[in-house]
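A.B. asks: Handing you a structure now.
Protein chains: 2
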Amino acid sequence: MASKDNSVNIKEALPKSARSYHHGDLRAAVISAGLKRLGEGDARELGLRALARDVGVSATALYRHFPDKEALLDALAEEGLRRLGALQAQAWLKAGGGRAGFKATGIAYVRFAHDEPALFRLSFTRQMPERKGEEGDGGEVAYNLLRAGVGEVFPAESVDAAALHAWALVHGLAMLILDRRVAWDEAMVARVVGLTFGGVD
Amino acid sequence: MASKDNSVNIKEALPKSARSYHHGDLRAAVISAGLKRLGEGDARELGLRALARDVGVSATALYRHFPDKEALLDALAEEGLRRLGALQAQAWLKAGGGRAGFKATGIAYVRFAHDEPALFRLSFTRQMPERKGEEGDGGEVAYNLLRAGVGEVFPAESVDAAALHAWALVHGLAMLILDRRVAWDEAMVARVVGLTFGGVD
DNA sequence: CCATCATGTTTCCACTGTAAACATAGTGAG
DNA sequence: CTCACTATGTTTACAGTGGAAACATGATGG
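For the protein sequence lines, the chains are A and B, in the order given.
Going by the working numbering, the first residue of the first sequence is number 5, and it counts up by one from there.
Going by the working numbering, the first residue of the second sequence is number 5, and it counts up by one from there.
In C-alpha cells:
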C-alpha cells in the first residue's frame with residue numbers, strides 16, 4: 005500500500021537522509037533531473053545516459069529503479085499531471101470558484117502547456133497504461149475539477165458531453181499552440197475559452 | 005516552380021515510368037511504404053533502415069532524396085494533411101454544405117485521427133517548419149474549409165476566435181482519443197461537436 | 001563516344017537502450 | 001560481532017540507430 009508512493013520531493017535529492025543506500029534516493033533524483041531537463045529547451049531526446057550523468061551515476065544504475073526507459077518517462081509524465089492539477093486547483097480557488105473559476109482552470113491548462121511544453125507533451129502524448137481501477141495517477145485532481153466545474157456551469161445539459169467538450173477545447177488549444185499551429189496569445193486564449201466556459205473576464 | 009512537386013502517386017511506385025534512373029522514383033516509393041507502415045499498427049519507430057528494406061534499397065540511398073530522417077517524416081506528415089483535407093472536403097460536400105456540412109467536417113477530422121492514428125499524430129505532432137509564406141503545405145484545404153464553415157455558422161461573431169474554437173475542439177477531441185484519454189465513440193463525438201458546430205444531426 | 005551527374009551501395013562511426021557479470025554497502029539472524 | 005543476504009551501483013558488451021564518406025553505376029547530353 006504505502007510502499008509504492010511516488011510524489012517526488014523537489015528537495016534536490018536530499019543528499020543524506022532516510023532510506024539512503026549508496027546515493028540517497030536516486031529515483032527521486034533522476035526524476036528531478038528529468039524535470040529540470042524538460043523545463044529547459046533541450047527537451048527532445050532526454051537520453052537515458054545524459055540523465056544518469058546529470059545525477060552523477062552510471063547509466064545502467066537507473067535500471068534498478070525503472071524497468072526500462074518507458075517506465076521512467078511514465079513517472080515524469082505522472083509528475084506533470086500532478087503539477088497541472090495543482091495549478092488548476094490554485095486557479096480555481098483564486099477566482100473564487102463558480103463560472104469564473106471554471107474558466108480560470110481552462111486558461112491555466114493552456115498556460116501550463118505553454119510554460120512547460122515538453123512536460124505537457126510528455127504527460128499526454130503517451131498511451132495510457134490502462135488503469136487498473138484504483139491507484140491515483142496524478143490526473144485525478146484535474147479530472148475532478150473538470151467535472152465539478154461542468155456541473156456548475158452546465159447544470160442542465162448532459163454532463164458527459166459538456167465535460168468532454170470543455171476538456172477537448174483546452175487540450176486542443178494547448179496542442180495547437182505547442183505544435184506552432186497557432187501563436188501563443190493569452191488574450192486570445194481567454195476569449196476562446198470564454199466562448200464555451202462562459203463567465204465574465 | 006514545378007520542380008518541387010510532391011503529392012505522392014499511390015501507384016505502387018510505378019515500376020518503369022517517366023523519370024526513372026535506377027529504381028523508378030524512389031522518393032514516391034519510400035513515402036508510400038512509410039504510409040503503409042503507418043497505416044498498420046507497427047507505427048512507432050518506423051526506422052530508416054526498415055523503410056529502406058521495404059522498398060528494396062539500401063538504407064543510405066534515402067539520403068539522395070531527403071536531407072535527413074526529419075525531412076522524410078515531414079513529407080509523410082504533409083501527405084497526411086493532404087488526405088485529411090480531402091476527407092473533410094468530401095464530408096462537406098456530401099452533407100450539402102452549410103451548418104450540417106460544417107459539423108460533418110468536424111466529425112471527419114476526428115474520425116480521420118481515429119482511423120489513421122499514427123499518420124494523424126505524425127502530421128500534427130511536429131514543429132511547424134515556419135512557413136515561407138507561399139507554397140501550399142497540404143493543410144490549406146482543411147484550413148480554408150474551416151474559415152468558410154465558421155463564416156457560415158457564426159456570421160456575427162469574431163471569425164478568428166470562433167475558428168480557433170472550432171479547430172481546437174476537434175483537435176483536442178482527436179488527441180484525447182489517440183492518447184486513450186477518452187474512448188472512441190462516434191455518437192459521442194457527434195454530440196460534442198454538435199455543441200459548438202450546431203446544426204441538426 | 002565519352003565526361004558528367006544523378007542515383008544507389010559499402011563501409012564506417014558515434015550513439016542509443018539494455019542485458020550480464022561483477023562489486024559494494026547496508027541489514028538482520030545467529 | 002559475524003556472516004550470509006539483498007539492495008544498490010559499475011563495467012563491459014551488444015545489437016540497433018541515424019548519418020557521413022568513399023566508391024560504383026547507369027543515364028544523358030555535347
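Beta carbons are placed, not taken as given, at the ideal position from N, Cα and C, and that holds for glycine.
1) So, does the stretch 114 to 132 of chain B touch the stretch 32 to 47 of chain B, judging by three or more C-beta pairs under 8 Å?
2) Taking C-beta pairs closer than 7 Å, name the residues in chain A that B:Gly84 reaches, listed in chain order.
3) Using a Cβ-Cβ distance cut-off of 8 Å, determine whether B:Glu139 contacts chain A.
4) Rounding to the nearest angstrom, what Cα-Cα distance links B:Lys136 and A:Arg184 in this structure?
5) Give me the subset of the stretch 159 to 173 of chain A whose CB atoms are less than 9 Å from a CB atom of chain B, sorted by chain position.
6) Between A:Leu88 and A:Phe116, which are expected to be in contact by the criterion C-beta below 8 Å, what is the C-beta distance as a whole number of angstroms?
7) With burial defined as no fewer than 16 other Cβ atoms inside 10 Å of the residue's Cβ, what is the status of B:Tyr113: buried or exposed?
8) Can you give me the C-alpha to C-alpha distance between A:Leu168 and B:Val193, rounded to a whole angstrom?
9) What residue from B:Ala146, B:Leu199, B:Val174, B:Tyr147 has the CA that sits closest to A:Asp164's CA?
10) Assuming A:Ala95 contacts A:Ala108 under a Cβ cut-off of 8 Å, what Cβ separation, rounded to an integer in Å, is found between them?
11) What are the complete alpha helix (DSSP H) segments, minimum 4 residues, inside the stretch 94 to 128 of chain A?
12) First and last residue of the alpha helix (DSSP H) that includes A:Trp171?
13) Need the endpoints of the alpha helix (DSSP H) that A:Thr200 sits in, please.
14) Kindly confirm or deny that the stretch 28 to 42 of chain B and the stretch 144 to 160 of chain A touch, where touching means at least three C-beta pairs closer than 8 Å.
15) Taking 8 Å as the threshold (C-beta atoms), are B:Val197 and B:Ile111 in contact?
16) Leaving out five residues on either side along the sequence, give the residues of the same chain with a beta carbon under 6 Å from the beta carbon of A:Gln92.
17) If you measure from the beta carbon of B:Leu76 to each beta carbon in chain A, is any gap under 8 Å?
18) Would you tell me roughly how many angstroms separate the C-alpha atoms of A:Ala191 and A:Leu173, rounded to the nearest one?
19) What in chain B is Cβ-close to A:Asp183, meaning under 7 Å?
20) Quick one: using the 10 Å Cβ neighbour count with 16 as the cut-off for buried, is B:Ser127 buried or exposed?
C.D. replies: Put simply:
1) yes
2) The residue labelled residue 84 of chain B in the question sits at position 80 within the second sequence. Residues of chain A passing the Cβ test: none, with the nearest at roughly 13 Å.
3) Here residue 139 of chain B refers to the residue found at position 135 of the second sequence. Any answer about B:Glu139 is weak, because its pLDDT of 48 lies below 50 and its placement is not dependable; what the coordinates show is given next. Cβ-Cβ to chain A under 8 Å: no for B:Glu139.
4) Walking along the second sequence from the start, residue 136 of chain B turns up at place 132. Walking along the first sequence from the start, residue 184 of chain A turns up at place 180. Legend: pLDDT at B:Lys136 = 45, less than 50; position of this residue unreliable, value from coordinates given subsequently. C-alpha separation (whole angstroms): 14 Å.
5) Glu161, Ser162, Asp164, Ala165, Ala166, Leu168, His169, Trp171, Ala172, Leu173
6) The residue you call residue 88 of chain A lines up with position 84 of the first sequence. The residue you call residue 116 of chain A lines up with position 112 of the first sequence. Yes, A:Leu88 and A:Phe116 are in contact; Cβ-Cβ is about 5 Å, under 8 Å.
7) In the second sequence, counting from the first residue as 1, residue 113 of chain B sits at position 109. The residue is buried, with at least 16 neighbouring Cβ atoms inside 10 Å.
8) In the first sequence, the residue the question calls residue 168 of chain A occupies position 164. In the second sequence, the residue the question calls residue 193 of chain B occupies position 189. Those two C-alpha atoms are separated by around 9 Å.
9) Residue numbering aside, residue 164 of chain A sits at position 160 when the first sequence is read from its first letter. Ranking B:Ala146, B:Leu199, B:Val174, B:Tyr147 by Cα distance to A:Asp164 puts B:Leu199 first.
10) Sequence index remark: in the first sequence, residue 95 of chain A carries index 91 (1-based). Sequence index remark: in the first sequence, residue 108 of chain A carries index 104 (1-based). About 4 Å separates the two Cβ atoms, so the contact holds.
11) 102 to 119, 121 to 128
12) Translated into positions along the first sequence, residue 171 of chain A becomes position 167. Run containing A:Trp171: 163 to 182, per the alpha helix (DSSP H) assignment.
13) Residue mapping note: residue 200 of chain A aligns to position 196 of the first sequence, counting from 1. A:Thr200 -> alpha helix (DSSP H) spans 190 to 201.
14) no
15) Indexing the second sequence from 1 puts residue 111 of chain B at position 107. Indexing the second sequence from 1 puts residue 197 of chain B at position 193. Yes, Cβ-Cβ distance for B:Ile111 and B:Val197 is below 8 Å.
16) Numbered from its first residue, the first sequence carries residue 92 of chain A at position 88. The answer, listed in chain order, is Thr109, Ala112, Ala146, Leu149.
17) Residue 76 of chain B sits at position 72 when you count from the first residue of the second sequence. Closer than 8 Å: no.
18) To locate residue 191 of chain A, count along the first sequence from 1; it is residue 187. To locate residue 173 of chain A, count along the first sequence from 1; it is residue 169. If you take the alpha carbons of A:Ala191 and A:Leu173, they lie about 16 Å apart.
19) Your numbering for residue 183 of chain A matches position 179 in the first sequence. Per Cβ cutoff of 7 Å: Phe128, Thr129, Arg130, Gln131, Met132.
20) Translated into the one-based positions of the second sequence, residue 127 of chain B becomes position 123. The residue is buried, with at least 16 neighbouring Cβ atoms inside 10 Å.
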